[in-house]
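K.L.:
I am attaching a structure below and will ask some questions about it afterwards.
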Amino acid sequence: MALRLAVVGDIHGHFGSADVRHLDGAGYDLVLFVGDLGGYSFRSCLEVAERISTLQTRALLINHDGVTAGQLLAEVASADSVAARLGRRMSQRVAKLQRVLGGCELAGYSRHEVARGGIDATLIAGRPHSLGGERIGFVNYLRRGFGVSDVNSSVAKLAALSEAAESERLVFFGHNGPTGLGDDRESIWGCDFRKEGGDFGDADLRTAVDRAKESRRVPLVIAGHMHRRTRMRTRRTQRVVRDGTLYINVAETPRVRRVGLRFLHHHVRVTLTSVGIDVEDVWLDRESGAQEPSPV
Ligand SMILES: [Fe+2]
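Counting in numbering that gives the first Met the number 0, the sequence shown runs from 0 upward without gaps.
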């Protein structure tokens, strides 16, 4: 008996009807999206959300995408007053995104129980709209929606979710991964856009995972954001095992690759059994849906 999840990394516009057909056809119990649906416009994000809404399989999307390009730029530049002004209608945008997503649930500071035939896990969704690094982005939105304004209040929120989990087995997922796994440009969540590198993980997620492990098992942490193909065109570390937890960066970008005349589409298959968790990168031929060797 096994419980099977499909994880789709940063999409950036690459998600179509073939993905829906293959994911639904594979009989997954859940499809998990880690965010970055579109390009830089909210409209492009809604276009992908519309395609996601046609999935028949239960689906979760980390809440990362209800923002505009201007807002994102202001956040990245730490221009607080501009970010606050451009973020005034963020709640409406997130609500619209949820409407377009249909049955795919927006996740963030949320807990999701999954079970099949005696195999179970609690999925804990991390902080919504993480940008990586030390800044807690979109703080006005987080304050209004979740009462979170800094790392400590974020950790408290995540700790409460862990304590309420129905399963002894927790899987954390977020847009961006936790700190503490390396500070090289090619580390799993290392900063590749600064010459000196640096740890670009989320400190709140780190603390929340460590705290949860005091009373539960946390065999797996899933996130994207820091693309597997770095700015130097090298490949970053994609998996790290630390203290009994497997951390996987799923941001295979672009997630659709051309091989000759064919197109291969990427996702990560997570299989949970009574004895453990297996994680596999999967590339499917767009037309046939057949699994193919990795093109990367
Ligand atoms: Fe991305």
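Where is the CB? At the ideal position from N, CA and C, for every residue including glycine.
In angstroms with no decimal places, state the Cα-to-Cα distance between residue 160 and residue 168.
P.N.:
Against the sequence shown, residue 160 aligns to sequence position 161. Against the sequence shown, residue 168 aligns to sequence position 169. Taking the straight line joining both Cα atoms gives about 13 Å.
K.L.:
Got a sec? Which residues, its chain only, sit under 7 Å from residue 229 by beta carbon, not counting five neighbours each side?
P.N.:
Here residue 229 refers to the residue found at position 230 of the sequence shown. If we look at residue 229 and ignore the five residues flanking it on each side, its Cβ neighbours are 184, 185, 191 and 235.
K.L.:
Using DSSP with H/G/I as helix, E/B as strand and the rest coil, what is residue 65?
P.N.:
Residue 65 sits at position 66 when you count from the first residue of the sequence shown. Coil, per DSSP.
K.L.:
Residues bridged to residue 294 by DSSP?
P.N.:
Sequence index remark: in the sequence shown, residue 294 carries index 295 (1-based). DSSP, once it has assigned bridges, lists no residue as partnering residue 294.
K.L.:
From which residue to which residue does the alpha helix (DSSP H) around residue 45 run?
P.N.:
Along the sequence shown, read from residue 1 onward, the residue named residue 45 stands at position 46. 41 to 51 is the extent of the alpha helix (DSSP H) around residue 45.
K.L.:
Does the region 74 to 94 come close enough to the region 147 to 166 that 3 or more CB-CB pairs lie under 8 Å?
P.N.:
The region 147 to 166 is not in contact with the region 74 to 94.
K.L.:
Give the single residue among 28, 36 and 4 whose Cα lies nearest to the Cα of residue 253.
P.N.:
Looking up residue 253 in the sequence shown gives position 254. Minimum Cα distance to residue 253 is reached at 36.
K.L.:
Taking the beta strand (DSSP E) that residue 111 belongs to, which residues open and close that run?
P.N.:
Here residue 111 is taken as the residue at index 112 of the sequence shown, counted from 1. It spans 109 to 115 - the beta strand (DSSP E) in which residue 111 sits, taken as one unbroken run.
K.L.:
Report whether the distance from the Cβ of residue 197 to the nearest heavy atom of ligand 3 is below 7 Å.
P.N.:
You won't find ligand 3 in this model; what it holds is ligand 1.
K.L.:
Under a three-way DSSP split, which group does residue 229 fall into?
P.N.:
The residue given as residue 229 occupies position 230 in the sequence shown. Coil.
K.L.:
For ligand 1, enumerate in chain order all residues having a CB closer than 7 Å to any of its heavy atoms.
P.N.:
The answer, residue by residue, is 9, 11, 35, 223, 224, 226, 250 and 252.
K.L.:
Please classify residue 241 as buried or exposed, where buried requires at least 16 other C-beta atoms within 10 Å of its C-beta.
P.N.:
Taking the sequence shown and counting its residues from 1, one reaches residue 241 at position 242. Label assigned to residue 241: exposed.
K.L.:
Spatial neighbours of residue 29 within its chain, please: C-beta separation below 6 Å, excluding the five flanking residues on both sides.
P.N.:
Taking the sequence shown and counting its residues from 1, the one referred to as residue 29 is at position 30. Once the five neighbours on either side are set aside, the close Cβ partners of residue 29 are 4, 57 and 113.
K.L.:
Where do the ends of the beta strand (DSSP E) carrying residue 174 lie?
P.N.:
On the sequence shown, position 175 is the one that residue 174 refers to. Counting along the chain, the beta strand (DSSP E) containing residue 174 begins and ends at 168 to 175.
K.L.:
Is the beta carbon of residue 127 closer than 8 Å to that of residue 62?
P.N.:
Numbered from 1 along the sequence shown, position 63 holds the residue referred to as residue 62. Numbered from 1 along the sequence shown, position 128 holds the residue referred to as residue 127. Contact flag set, yes.
K.L.:
For residue 255, which option in 285, 118, 217 and 104 has the closest C-alpha, if you only look at C-alpha atoms?
P.N.:
The residue labelled residue 255 in the question sits at position 256 within the sequence shown. Comparing Cα-Cα distances from residue 255 to each of 285, 118, 217 and 104, the minimum goes to 285.
K.L.:
Going by other Cβ atoms of all chains shown within 10 Å of its Cβ, with 16 needed for buried, is residue 170 buried or exposed?
P.N.:
In the sequence shown, the residue the question calls residue 170 occupies position 171. Residue 170 is buried by the Cβ-count criterion.
K.L.:
Does the Cβ of residue 47 have 16 or more other Cβ atoms within 10 Å, making it buried, or fewer, making it exposed?
P.N.:
Here residue 47 corresponds to residue number 48 of the sequence shown, with the count starting at 1. So residue 47 counts as buried.
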